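Accompanying notes for the structure given below.
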Amino acid sequence: MKLYFILFAIILITSSCDVDTNSSSTEEDEETNWKYDKTEDRMTSDTVYFATTYSDDRLYFGYYRKSENAVSPELTIRKKNNVNEVMVSVTHPLKSNYNGRFYTDDDEISIRVRFDSQKPEEYTCSGTEGGSGGIVFIDSATTFITKLKKSKKLLIEAEFIANSAGEVITNHRDKSIVAIPPAGNKTEIMEFDIAGLEW
Numbered sequence: 595m596k597l598y599f600i601l602f603a604i605i606l607i608t609s610s611c612d613v614d615t616n617s618s619s620t621e622e623d624e625e626t627n628w629k630y631d632k633t634e635d636r637m638t639s640d641t642v643y644f645a646t647t648y649s650d651d652r653l654y655f656g657y658y659r660k661s662e663n664a665v666s667p668e669l670t671i672r673k674k675n676n677v678n679e680v681m682v683s684v685t686h687p688l689k690s691n692y693n694g695r696f697y698t699d700d701d702e703i704s705i706r707v708r709f710d711s712q713k714p715e716e717y718t719c720s721g722t723e724g725g726s727g728g729i730v731f732i733d734s735a736t737t738f739i740t741k742l743k744k745s746k747k748l749l750i751e752a753e754f755i756a757n758s759a760g761e762v763i764t765n766h767r768d769k770s771i772v773a774i775p776p777a778g779n780k781t782e783i784m785e786f787d788i789a790g791l792e793w
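The sequence shown maps to residues 595 to 793 in this note's numbering.
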């Protein structure tokens with residue numbers, strides 16, 4: 595009888611340990627907003643890898659500030675031909691006339707970034723070959739990715755060009771109604787949740 599109770603006690607202790615271990619590992623799993631994808635380059639049959647996250651900010655680059663006209667800033671990492679690239683995009687998925695355009699100073703595009711509570715840093719960027727203006731490539735991709743992996747929050751500050759006279763760039767994150775200012779460049783800050791990047 596004594597042996598029976600001893601065996602029963604051992605089983606209870608073992609089960610209790612298993613539950614605690616599983617609970618602990620679940621708590622350690624970090625939530626992430628990153629989405630991963632891969633495609634095949636049809637010309638080379640090489641695999642191209644992507645990691646993408648979106649900002650909660652909504653930017654409006656057109657005159658009509660309706661929800662369907664909002665642009666969700668996008669941060670994408672792409673690995674192609676064993677080369678990493680980091681892209682920031684402010685393009686509308688359906689309406690190209692509501693795309694944003696990064697301001698270029700003598701063919702140079704600059705943005706300011708802040709990882710977590712660190713000091714802001716300036717990065718230079720390159721535009722796309724087509725010159726659409728709504729997508730830029732961060733020049734120091736390797737350094738940038740290293741910092742992404744160590745951080746949880748990223749702020750990107752960039753200057754944009756108003757599309758035409760009378761149009762406005764308004765960050766509608768706070769849902770406030772803002773008077774339309776005269777046309778001109780405007781600086782916006784985009785916030786990204788970058789925790790848990792696996793790359």
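In this text, a Cβ means the ideal position worked out from N, Cα and C, and glycines have one as well. None of the values given here were measured: they were computed from a predicted structure.
Residue i, enclosing alpha helix (DSSP H) - first and last residue
{"i": "F738", "result": "A735 to K744"}
Cβ-based neighbour list, residue i, same chain, cut-off 7 Å, excluding 5 preceding and 5 following
{"i": "G728", "result": "S683, V684, T685, N693, G694 and R695"}
{"i": "S575", "result": "Residue coverage of the chain in this structure runs from 595 to 793, which leaves residue 575 outside it and unanswerable."}
{"i": "I755", "result": "R695, Y697 and N779"}
{"i": "S734", "result": "Y717"}
Cβ shell of residue i (< 6 Å), same chain only, five flanking positions each side left out
{"i": "I783", "result": "L749 and E751"}
{"i": "T633", "result": "V642"}
{"i": "T722", "result": "I729"}
{"i": "R672", "result": "F644 and E679"}
{"i": "T646", "result": "K629 and T670"}
The beta strand (DSSP E) enclosing residue i, as first and last residue numbers
{"i": "K713", "result": "That residue, K713, is in no beta strand (DSSP E); it is neither H nor E in DSSP."}
{"i": "Y643", "result": "T641 to Y648"}
{"i": "N676", "result": "That residue, N676, is in no beta strand (DSSP E); it is neither H nor E in DSSP."}
{"i": "K632", "result": "K629 to E634"}
{"i": "T781", "result": "K780 to D787"}
Cβ separation of residue i and residue j, assumed to be a contact under 8 Å, to the nearest whole Å
{"i": "S666", "j": "R652", "result": "6 Å"}
Same chain, Cβ closer than 8 Å to residue i, five either side skipped, listed in chain order
{"i": "E702", "result": "T718"}
Residue i CB to nearest heavy atom of the ligand FAD below 7 Å
{"i": "K741", "result": "No copy of the ligand FAD occurs in the structure displayed, which carries no ligand at all."}
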